[in-house]
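Student:
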């Protein structure tokens, strides 16, 4: 006990060989942390299994017989039964679910009813396109929302804070589809550039512009800016009242260095990972406006065509993104804050 | 001495509820006032639409008066690209989301309270099951799940609102659960149990009615904002209300065809209606939250 006190008092070198990164991410990952991470991994897998069950069941309950579609005009009930038998397809829910699950575990998501192609490669490509869009948009949202949240946490009652947060609320209530049209109008009228040209061509300069408008629209119009402001304000004002911040301030150390972990890294990872579903939702509309070949457009098209294999695959991939994001958040949280593994 | 000490907290509680509006932050009160104005406008519009008390026939075209801006004589909010009265169409547009939104709110509040009570009051294994269910619902991006349902069944606004209600339930459940956990540390739950009140009385009367109704009202306003957002988005995507029946979403969509020619009003008017209404419900919910639940 005494030794500890002495070293604390005699410690003159400032808070000390404080290499920030090493402080945030400890070099050794202890056993309880590993166990917790493994548990989270298992939970994630069971949730994905649950998602597959729910999604499959919804489509199983759908009215109409997909085999009637396959048979065309002579799709009588007897003919469809015969076809099912010849293909070895079970009539029961469990039989169909498990054979489908077995297939997707082997990477076979079936073929699209619309195009007749394998579902997985096209969904994979679309998912990558959507990921570029959503990640860039999340960056935009954070770079607008974080400073506003920071300012309002530090100066909570000023007029500027008030008006900034009302502006954030108003932007978040803006319908994204209208914002998209305005962006198209502005870019065609003032920049003489039509952002609807689809796909990713190779001419570098235009590509950035192509990227910029949809990303800005999704970043501003996703409705998440006010959430970011609120979350950041809450977290930062909470952290600023912690005792270690007061101590740091009292001894003249850099407050930001101490607050970085709890007031920046954790809120940002939480926001990035927990808002993924909302950005994917917004991406559905933005991709529609800008003719962006992503997952959202594909989901819209497949809902239009009742293309069950495609919409199932997209649902699973979207859930994988959501769960993956949440898993990453939990892993970072536990590594940064190993105490959480004992809870 | 002892007796007065026992009575004190109760008197304090009453004093607090009385002055809660007086002690409230002025900005919060302004937000609530704005939200209430929006809420009553929506309600009045819904009633006007139901009883057909519109200034004009919303489907009557006047080809001499197309694309008129606001404050045109006879048409306070102008006309759209077919010369139909904008105000009548905006008023009738509330029909598209109001009742379906109520369904979504009803589902999210009932299911959310049920899950929240199970998780918070029972705890233990039940809590784990509820957490799993909440995480399962949260794993679906909302619009993707709606598109899945649209693909499976038909694009029906009530199916869509059932999904919206279900996907809102985890948020309600989480707030009820946290509230119950904090309530359980206070004595009245323990004394109610000791006095032999049946479980359902404690849960429904003491916990949900006395202590969670403010929370439920707040969640209901936020749920309405969510329902409006979803209805307009889906009408925009073509899975909601179809022309010529007006919905704010399909009005933006139809009006946007004329935007490229520089005619902003037909798509901007419904977009502003969406903006002000969603903003109103958000500010109302947050303002009430700050005042009634004391969260800053």
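Residue numbers (our numbering), protein chains in the order written: chain A, 1173 to 1515; chain B, 169 to 464. The beta-carbon is built from N, C-alpha and C at its ideal position, and this holds for glycine as well.
1) Closest to residue 435/B by C-alpha separation, out of 424/B, 444/B, 443/B, would be which residue?
2) Compute the Euclidean distance between the alpha carbons of residue 1222/A and residue 1427/A, then round it to the nearest angstrom.
3) Compute the Euclidean distance between the alpha carbons of residue 1354/A and residue 1510/A, then round it to the nearest angstrom.
4) So with Cβ pairs under 9 Å, would you call residue 450/B a contact of chain A?
5) For chain B, find out if any of its Cβ atoms is closer than 9 Å to the Cβ of residue 1479/A; answer yes or no.
6) Taking residue 1489/A as the reference, give the member of 1465/A, 1449/A, 1477/A, 1507/A with the closest Cα.
7) Give the single residue among 1319/A, 1276/A, 1429/A, 1486/A whose Cα lies nearest to the Cα of residue 1452/A.
8) My guess is that residue 1291/A and residue 1482/A are in contact by the Cβ rule of under 8 Å, so how many angstroms apart are they, rounded?
9) Which residues in the same chain have their Cβ closer than 8 Å to the Cβ of residue 1435/A, if we skip the five residues on either side of it in sequence?
10) Nearest by alpha-carbon distance to residue 1496/A: which of 200/B, 308/B, 219/B, 263/B is it?
11) Could you tell me which whole alpha helix (DSSP H) segments of length 4 or greater appear in the segment 1463 to 1510 of chain A?
12) Which complete alpha helix (DSSP H) runs does the segment 341 to 371 of chain B hold, if anything under 4 residues is left out?
13) Would the beta-carbon of residue 278/B be found less than 8 Å away from any heavy atom of the ligand PLP?
14) Check for me: the alpha helix (DSSP H) holding residue 379/B runs from which residue to which?
15) Could you check if residue 1332/A is buried or exposed, using at least 16 other CB atoms within 10 Å of its CB as the buried criterion?
16) Mapping the DSSP letters down to three states, classify residue 335/B as helix, strand or coil.
17) Is residue 464/B buried or exposed, if buried means 16 or more other CB atoms sit within 10 Å of its CB?
18) Counting only Cβ-Cβ distances shorter than 7 Å, please list the residues of the segment 231 to 253 of chain B near chain A, keeping chain order.
19) Among the residues of its own chain, which have a CB less than 7 Å from the CB of residue 226/B, if the five just before and after it don't count?
20) Give a yes or no on whether 9 Å exceeds the smallest Cβ distance from residue 372/B to chain A.
21) Whose C-beta lies closer than 6 Å to the C-beta of residue 1503/A among residues of the same chain, with five residues either side of it excluded?
22) Can you give the Cα-Cα distance for residue 402/B and residue 231/B, rounded to whole angstroms?
23) How would you list, in chain order, the residues of chain B whose beta-carbon sits under 9 Å from the beta-carbon of residue 1457/A?
24) What are the partner residues of residue 196/B, as DSSP defines its beta bridges?
25) Scan the segment 339 to 362 of chain B for residues whose Cβ lies nearer than 7 Å to a Cβ of chain E and list them as they occur along the chain.
26) Give me the Cα-Cα distance between residue 404/B and residue 1454/A, rounded to the nearest whole angstrom.
27) Could you tell me whether any Cβ in chain B is nearer than 9 Å to the Cβ of residue 1453/A?
28) So if DSSP puts residue 243/B in a beta bridge, which residue, or which two residues, is it bridged to?
Tutor: From the atom records:
1) 424/B
2) 44 Å
3) 47 Å
4) yes
5) yes
6) 1449/A
7) 1486/A
8) 5 Å
9) 1407, 1408, 1411, 1412
10) 308/B
11) 1467 to 1477, 1480 to 1508
12) 355 to 362
13) Here there are no bound small molecules, and the ligand PLP is not part of this structure.
14) 378 to 405
15) exposed
16) helix
17) Model confidence at residue 464/B stands at a pLDDT of 45, short of 50, so the residue's coordinates are unreliable and nothing is read from them.
18) none
19) 252, 253, 256, 257, 260, 414
20) no
21) 1209
22) 29 Å
23) 311, 401, 404, 405
24) Answer is none; residue 196/B lacks a bridge partner.
25) Looking for chain E here will not work: the only protein chains present are A and B.
26) 13 Å
27) yes
28) 240/B
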